[in-house]
Amino acid sequence: MRIFSGIQPTGAKHFGNYSGGFRQYAATQEQGDAFFCVVDLHSITVDYDPADLRERTLDLAALLFATGLDPARSTVFVQSHVKAHAEAAWLLGAVTSYGQLGRMTQFKDKGDRQEFVSAGLFTYPILMAGDILLYNAQKVPIGDDQRQHLELARDIAERFNARFGETFVVPEGVYPEVGARVMDLQEPTKKMSTTGGTPQGTLLLLDPPDVLRKKVKSAVTDSGSEVRRGDDKPGVTNLIDILSVCTGETAGAIEVRYEAGGYGQFKSDVADAVVELLEPIQARYHELRSDPAELNRLLGIGADKAREASLPTLHAIYDRMGFVRPA
Ligand code: TRP
328 MRIFSGIQPT GAKHFGNYSG GFRQYAATQE QGDAFFCVVD LHSITVDYDP ADLRERTLDL
388 AALLFATGLD PARSTVFVQS HVKAHAEAAW LLGAVTSYGQ LGRMTQFKDK GDRQEFVSAG
448 LFTYPILMAG DILLYNAQKV PIGDDQRQHL ELARDIAERF NARFGETFVV PEGVYPEVGA
508 RVMDLQEPTK KMSTTGGTPQ GTLLLLDPPD VLRKKVKSAV TDSGSEVRRG DDKPGVTNLI
568 DILSVCTGET AGAIEVRYEA GGYGQFKSDV ADAVVELLEP IQARYHELRS DPAELNRLLG
628 IGADKAREAS LPTLHAIYDR MGFVRPA
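With my numbering applied, the sequence shown corresponds to residues 328 to 654, in that order.
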């Protein structure tokens, strides 16, 4: 089975990204032939800084390896290293509806927030469809906010197949379970986020251990002192879910264990578990990030594998669409 996902090299990554993203990627690679792409071409569709893009691209690549992607098993690569992505985006524009692009909620939301709305922001979903379709991916692990884009990719595949002959696999989205949602520690009714949340309530994957501990210990908890999940206890529920992500224990088992406890011991255990999970990830990250030659070598292997896997599809697209191929 082919699996493909793309991750944007923007913003500092946080515990919610780990729970709903990185952790799933590492698990997914056990299920098949997995491709993970640092989608740098997508990141130029809103205002950005070139020096920043360069750093963030390498940061994210190192983090993907540090959180468990195995370069021998999975293909981890940078989108702009494989020219087929830019080419596919142009070609698939022929089978993408202008009206449908205009109805994308992410385009409308992000467009409203920009002073300058780039054409790239509008055509962004075509680039994304090409990413997926080039690899004939059956499964696409992805955030809930990307559902509409994935539906569009399916429409593009179907329209192309109907118009030019069977070429693409129609991909399916794999969405994180509701429990995989991590909330802000200070405002536990909001999703943890580096843009919409509080800095104190956001556990960054690269926060030093003492900062992580402090953030967990100052998390808001709810009235009463019982450690249990519930709509009336969003703060405690969130901490239980975080502990469950760290240790693999079920939420139910955690509730039973802390039944008689109170918040003090519980919070301190959550803090320890977060540090225990993230410390080895941080160590691998810093090791790789400080060795650009090794990081580039790994990305070179990824790009070679991605080129080889996508080239037949790219050729089929050109061929079916009636282009004369160079001799
Ligand atoms: N648009 C996705 C996001 O912002 C990133 C992305 C680009 C992607 N290409 C992809 C995700 C292909 C899955 C498959 O999260």
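Each residue gets a CB set at the ideal place from its N, CA and C atoms; glycine is no exception.
The region 432 to 504 contains, as complete beta strand (DSSP E) runs of 3+ residues, the segments 466 to 468 and 499 to 501 (chain order). Distance from the Cα of Leu419 is smallest, within the candidate group Arg350, Val496 and Ile483, for Ile483. Along the length of the region 353 to 421, whole beta strand (DSSP E) runs at least 3 residues long occupy 360 to 365 and 402 to 405, reported in chain order. When secondary structure is reduced to three states using DSSP, Phe331 falls in the strand class.
Contact between the region 469 to 481 and the region 435 to 450 is absent: fewer than three C-beta pairs spanning the two stretches fall below 8 Å. Ala354 and Lys632 have their alpha carbons spaced roughly 20 Å apart.
Proximity of the beta carbon of His476 to the ligand TRP is indicated: a heavy atom of the ligand is located closer than 8 Å.
Out of Val651, Pro653, Arg652 and Asp646, the CA that lies nearest to the CA of Phe487 is found in Asp646. Within 8 Å of the C-beta of His613 there is not a single heavy atom belonging to the ligand TRP. The region 607 to 624 and the region 540 to 556 do not touch, with fewer than 3 CB-CB distances between them shorter than 8 Å. With fewer than three CB-CB distances shorter than 8 Å, the region 585 to 605 does not count as touching the region 379 to 397. Along the region 557 to 642, the alpha helix (DSSP H) occurs as fully enclosed runs of 4 or more residues at 561 to 574, 578 to 584 and 590 to 616, listed in sequence order. Taking C-beta separations shorter than 8 Å and ignoring five residues to either side along the sequence, the partners of Arg616 in its chain run Leu385, Asp386, Ala389 and Leu622, following chain order.
Put simply, the backbone Cα of Gln465 is about 11 Å away from that of Phe362. Setting aside the 5 residues that flank it on each side, Phe349 is surrounded in the same chain by Thr394, each with a C-beta closer than 6 Å to its C-beta; the list follows chain order.
Cβ contact annotation for Ala415 (same chain, cutoff 6 Å, sequence separation greater than five): Gly457 and Leu461, in chain order. Taking 9 Å as the cut-off, the Cβ atoms of Thr521 and Ala339 count as close. The alpha carbon of Gln427 has as its nearest neighbour, out of Val405, Leu391, Arg481 and Pro377, the alpha carbon of Arg481. One alpha carbon belongs to Val409, the other to Met431, and they sit about 26 Å apart. Straight-line measurement puts the Cα of Val422 at about 10 Å from the Cα of Phe491.
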